[in-house]
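Chains as they are written, first to last, in the numbering used here: chain G, 1 to 105; chain A, 106 to 521.
Shown next, in structure tokens, is the structure this report addresses.
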Amino acid sequence: MKIEVTHNDKKVLIGLEGRFDAHEVQDFRSTLDPLLESGSWISADLSEVVFIDSSALAELVRARKRARAAEGEFIVSALSDSARVIFELTGLTAALTTARTDFGQ
Amino acid sequence: MIAVAPVASSEAVLRGELDRLRDERDSAIAALVDTQDRLAAVGALMQIPVATLEENEVIERTLAEALELTGSDATRFSAENSDIVVIAQHYSPVIVQELRFAIDKKSADQLTGTRAVVPVPGLQSGLLIAIRRGKKPYSTGDLQMLETVAAAVGKLRELAHRHYDEVQRATIEREHRLASELAQAVLPTSAPSIAGLDVYSQCVQAAVTGGDLLVFSVVGGVLWFAVGDVAGKGLPAATVMTRTVSALRVAFLTSNSTNPAGAVEAVARELNAYLDSAELFVTLAVGTVNPQEKTLRICNAGHSPLMYRGANSFSCRIIDPTCPPVGVPFGTPTTVELDFESGSVLLVGTDGLAEQDDPQGNLFGYERISGFMSEQDSGAQKIGRNLMAAVDEHAAGMPAADDRTLVVLQAVEFQQ
Chain G
1 MKIEVTHNDK
11 KVLIGLEGRF
21 DAHEVQDFRS
31 TLDPLLESGS
41 WISADLSEVV
51 FIDSSALAEL
61 VRARKRARAA
71 EGEFIVSALS
81 DSARVIFELT
91 GLTAALTTAR
101 TDFGQ
Chain A
106 MIAVAPVASS
116 EAVLRGELDR
126 LRDERDSAIA
136 ALVDTQDRLA
146 AVGALMQIPV
156 ATLEENEVIE
166 RTLAEALELT
176 GSDATRFSAE
186 NSDIVVIAQH
196 YSPVIVQELR
206 FAIDKKSADQ
216 LTGTRAVVPV
226 PGLQSGLLIA
236 IRRGKKPYST
246 GDLQMLETVA
256 AAVGKLRELA
266 HRHYDEVQRA
276 TIEREHRLAS
286 ELAQAVLPTS
296 APSIAGLDVY
306 SQCVQAAVTG
316 GDLLVFSVVG
326 GVLWFAVGDV
336 AGKGLPAATV
346 MTRTVSALRV
356 AFLTSNSTNP
366 AGAVEAVARE
376 LNAYLDSAEL
386 FVTLAVGTVN
396 PQEKTLRICN
406 AGHSPLMYRG
416 ANSFSCRIID
426 PTCPPVGVPF
436 GTPTTVELDF
446 ESGSVLLVGT
456 DGLAEQDDPQ
466 GNLFGYERIS
476 GFMSEQDSGA
486 QKIGRNLMAA
496 VDEHAAGMPA
506 ADDRTLVVLQ
516 AVEFQQ
């Protein structure tokens with residue numbers, strides 16, 4: 001999976017491309033953890049993800065939890081069709097795409 | 106007058122020459138024997154069984170061969186966290202003690218002898234030290250041989266270390282696999298038998314356990330069932346799976362069978378903190394069927410596939426989740442109530458079915474699964490067996506990417 005990090009002012013955009021499964025979790029975590037610890041506002045773009053499995057979903061949930069523990073935020077901002085289906089089947093769409101309303105205030 | 110003296114002198118010269126030649130022959134033989142011994146020692150050095158010895162034993166064996174190779178009486182390997190001495194065994198205890206002292210003190214001064222030190226390549230602060238009794242110094246050839254042994258020590262030590270790491274890794278993997286297999290013992294090995302229902306159930310583990318779970322319980326004539334999947338794989342998933350099964354069994358006994366969502370909430374209360382620390386979640390479909398009431402009640406917490414086909418219907422309905430998986434505190438579990446007249450079918454699987462890919466990378470998919478629900482005259486057993494066989498056929502020899510679990514419930518005429 002290709003991971004692209006773009007810094008935009010105080011926000012960070014993480015672009016993911018390819019298969020996001022158990023084999024890719026470690027790379028994703030290594031890239032994301034330093035950003036999560038800094039309390040950044042992180043937005044993940046999954047529009048180029050062709051496949052996502054439950055290990056990857058657990059990693060996104062973990063990222064959100066870690067971001068909030070550091071008083072930051074992590075949301076999924078865009079989904080490919082195949083990722084959208086899995087998000088809907090697991091009921092995670094709202095849980096991972098809704099940002100805290102108090103962030104940055 | 107006959108001159109005799111020159112004859113005697115010639116004989117003496119000849120004898121002297123002969124003696125010199127004998128000495129040279131003996132030296133040549135001794136050198137040849139020495140060379141043969143060294144060749145044998147080099148051969149022995151190459152045959153040290155790295156795979157069956159501990160790292161220190163490998164070094165000791167190499168140092169022992171170095172005694173032979175260099176004509177030394179004591180050798181020492183010194184590096185960070187490692188200091189090993191080998192002393193020739195054919196001396197008296199007093200001399201052995203002298204040799205040990207001399208090599209420990211990094212000086213041969215206490216001994217009438219010589220000392221050589223060479224670095225071990227690729228090993229910071231690694232040294233190979235050798236001492237020899239007597240006045241014969243180490244020759245250039247001896248020192249070259251010591252350098253060869255030093256290089257061999259470094260490589261053999263690294264090989265032994267890698268072998269040990271590999272053995273450790275394999276041991277841990279085997280233990281993880283065994284623990285995962287033991288965890289599967291909590292899963293039912295056969296479908297329950299209950300009047301008014303035909304039940305198919307199957308759970309096939311992948312090579313690396315995927316955390317699928319399956320629980321049945323009949324309480325007061327009502328069938329409780331749950332199918333779930335712990336995110337992740339291996340021992341962590343298997344461990345969470347067993348705790349989830351325990352929590353579900355308790356919830357089945359303590360919850361109202363008309364509201365499976367209550368059982369999901371009970372499981373969430375029991376596991377949320379644990380799942381939070383494990384950074385995992387569990388998808389769950391928990392339901393009840395009362396064959397007498399002909400009613401199916403189900404709560405879907407982020408689980409798929411979950412499909413229903415009513416009696417006399419040709420199309421199947423996907424039962425969407427009303428909340429995310431357990432471990433993701435968002436939303437509220439809700440119970441869905443459906444008629445379960447004779448002929449109605451419920452299919453609950455895990456993602457290992459839909460996500461099985463073929464050699465070209467094409468997934469089996471959810472549409473193919475729903476196709477097995479549309480045949481009116483198919484019973485639970487037939488749907489289940491055909492679907493599992495179709496997933497196998499689709500894989501065409503590709504390994505199972507995840508556990509595959511399937512439960513098919515079909516309402517049949519209730520006969521008391």
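Cβ coordinates follow ideal geometry from the N, Cα and C atoms, glycine included.
Outcome for residue i when other beta-carbon atoms lying within 10 angstroms are tallied against a minimum of 16
| i | result |
| --- | --- |
| residue 213 of chain A | In this prediction, residue 213 of chain A scores a pLDDT of 49, lower than 50, which makes its location untrustworthy; the coordinate-derived value is nonetheless stated afterwards. Result: buried. |
| residue 397 of chain A | exposed |
| residue 408 of chain A | buried |
| residue 522 of chain A | With chain A covering 106 to 521 only, the question about residue 522 of chain A has no answer from this structure. |
| residue 118 of chain G | Any question about residue 118 of chain G goes unanswered here, given that chain G covers just 1 to 105. |
| residue 46 of chain G | buried |
| residue 516 of chain A | buried |
| residue 197 of chain A | exposed |
| residue 294 of chain A | exposed |
| residue 134 of chain A | exposed |
Test: residue i CB closer than 8 Å to a CB of chain A
| i | result |
| --- | --- |
| residue 57 of chain G | yes |
| residue 29 of chain G | no |
| residue 39 of chain G | no |
| residue 97 of chain G | no |
| residue 92 of chain G | yes |
| residue 62 of chain G | yes |
| residue 89 of chain G | yes |
| residue 54 of chain G | yes |
| residue 22 of chain G | yes |
For residue i, the first and last residue of its enclosing beta strand (DSSP E)
| i | result |
| --- | --- |
| residue 243 of chain A | Where residue 243 of chain A is concerned, there is no enclosing beta strand (DSSP E), given that its DSSP letter is neither H nor E. |
| residue 443 of chain A | 441 to 444 |
| residue 412 of chain A | 411 to 414 |
| residue 183 of chain A | 179 to 184 |
| residue 224 of chain A | 218 to 224 |
| residue 339 of chain A | Premise fails: residue 339 of chain A lies in the alpha helix (DSSP H), 339 to 359, not in any beta strand (DSSP E). |
| residue 74 of chain G | 73 to 79 |
| residue 372 of chain A | Unbroken run through residue 372 of chain A is the alpha helix (DSSP H), 365 to 383; no beta strand (DSSP E). |
Cα-Cα separation between residue i and residue j, rounded to whole angstroms
| i | j | result |
| --- | --- | --- |
| residue 509 of chain A | residue 444 of chain A | 27 Å |
| residue 451 of chain A | residue 315 of chain A | 23 Å |
| residue 218 of chain A | residue 175 of chain A | 14 Å |
| residue 261 of chain A | residue 163 of chain A | 7 Å |
| residue 86 of chain G | residue 259 of chain A | 53 Å |
| residue 313 of chain A | residue 411 of chain A | 24 Å |
| residue 278 of chain A | residue 89 of chain G | 33 Å |
| residue 179 of chain A | residue 200 of chain A | 11 Å |
| residue 63 of chain G | residue 306 of chain A | 35 Å |
| residue 105 of chain G | residue 418 of chain A | Reliability of the predicted coordinates at residue 105 of chain G is poor, the pLDDT of 40 falling under 50, and the value obtained from them is presented with this limitation in mind. Approximately 54 Å, taken between the alpha carbons. |
| residue 299 of chain A | residue 465 of chain A | 42 Å |
| residue 303 of chain A | residue 78 of chain G | 43 Å |
Residues near residue i in its chain [Cβ-Cβ closer than 8 Å; skip 5 each side]
| i | result |
| --- | --- |
| residue 56 of chain G | 20, 21, 22, 24, 25 and 28 |
| residue 441 of chain A | 402, 403, 404, 405, 424 and 427 |
Sequence-distant residues of the same chain with beta carbon closer than 6 Å to residue i, five excluded per side
| i | result |
| --- | --- |
| residue 169 of chain A | 191 |
| residue 393 of chain A | 327, 329, 362, 365 and 402 |
| residue 488 of chain A | 477 and 513 |
| residue 44 of chain G | 14 and 76 |
| residue 2 of chain G | 17 and 18 |
| residue 375 of chain A | 352 |
Beta carbon proximity, residue i to chain G, threshold 8 Å
| i | result |
| --- | --- |
| residue 336 of chain A | yes |
| residue 479 of chain A | no |
| residue 441 of chain A | no |
| residue 385 of chain A | yes |
| residue 213 of chain A | Residue confidence is low: residue 213 of chain A scores 49 on pLDDT, short of 50, so the model does not pin down where it sits. No coordinate-derived value is stated. |
| residue 285 of chain A | no |
| residue 469 of chain A | no |
| residue 433 of chain A | yes |
| residue 409 of chain A | yes |
| residue 349 of chain A | no |
| residue 231 of chain A | no |
| residue 436 of chain A | yes |
| residue 510 of chain A | no |
Cβ-based neighbour list, residue i, same chain, cut-off 7 Å, excluding 5 preceding and 5 following
| i | result |
| --- | --- |
| residue 379 of chain A | 348 |
| residue 95 of chain G | none |
| residue 338 of chain A | 313, 314, 315 and 316 |
| residue 182 of chain A | 164, 168, 189, 233 and 258 |
| residue 354 of chain A | 320 and 322 |
Where the alpha helix (DSSP H) containing residue i begins and where it ends
| i | result |
| --- | --- |
| residue 194 of chain A | From DSSP, residue 194 of chain A is part of no alpha helix (DSSP H); its letter is neither H nor E. |
| residue 499 of chain A | 485 to 500 |
| residue 161 of chain A | 160 to 175 |
| residue 33 of chain G | 25 to 37 |
| residue 456 of chain A | 456 to 459 |
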